[in-house]
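Below is one structure, written out as structure tokens; the observations come after it.
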Amino acid sequence: VTLNLSDGKALGMTVVGHAEDKRDIGLFVGTVKKGCTAHLSGKVQPGDLIVSVNGLDLTKLDNEEALEVLRQQVFTSKYLNLVLEKYW
1 VTLNLSDGKA
11 LGMTVVGHAE
21 DKRDIGLFVG
31 TVKKGCTAHL
41 SGKVQPGDLI
51 VSVNGLDLTK
61 LDNEEALEVL
71 RQQVFTSKYL
81 NLVLEKYW
């Protein structure tokens with residue numbers, strides 16, 4: 001999913017870290033705000049696992065590291081290319 005961040009609209013999604021048995025599982029889309037970039041794509045849904053952002057694999061990182069990578073990409077990129085996996 002490629003999201004255009006240069007159009008002035010908010011990204012409009014929250015991210016939730018998930019862990020099982022004290023092991024980080026990954027970052028998931030928590031909510032998607034209606035009318036914002038993530039919602040308008042029609043492809044970002046609550047519960048989606050964020051596998052990678054702009055080609056950077058998040059699956060080998062702990063949740064805190066993955067969140068920092070995601071934040072850096074949101075603030076420095078015109079486009080956000082997300083690879084999402086349906087998890088729930």
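Just so you know, the UniProt record's numbering puts 22 at position 22 of the sequence shown, and the rest follows in order with no gaps. Glycine included, C-beta positions come from ideal geometry on N, C-alpha and C.
Judged by their CB atoms, Thr-37 and Lys-78 are not nearer to each other than the 8 Å cut-off.
According to DSSP, residue pairing for Ser-52 in a beta bridge involves Asp-57 and Val-83. Taking 8 Å as the cut-off, the Cβ atoms of Met-13 and Val-1 do not count as close. Non-local beta-carbon contacts of Glu-85 in its own chain, meaning distances under 6 Å to residues more than five positions away in sequence, involve Leu-49 and Val-51 in chain order. With 16 or more neighbouring CB atoms inside 10 Å of its own CB, Gly-26 falls in the buried class.
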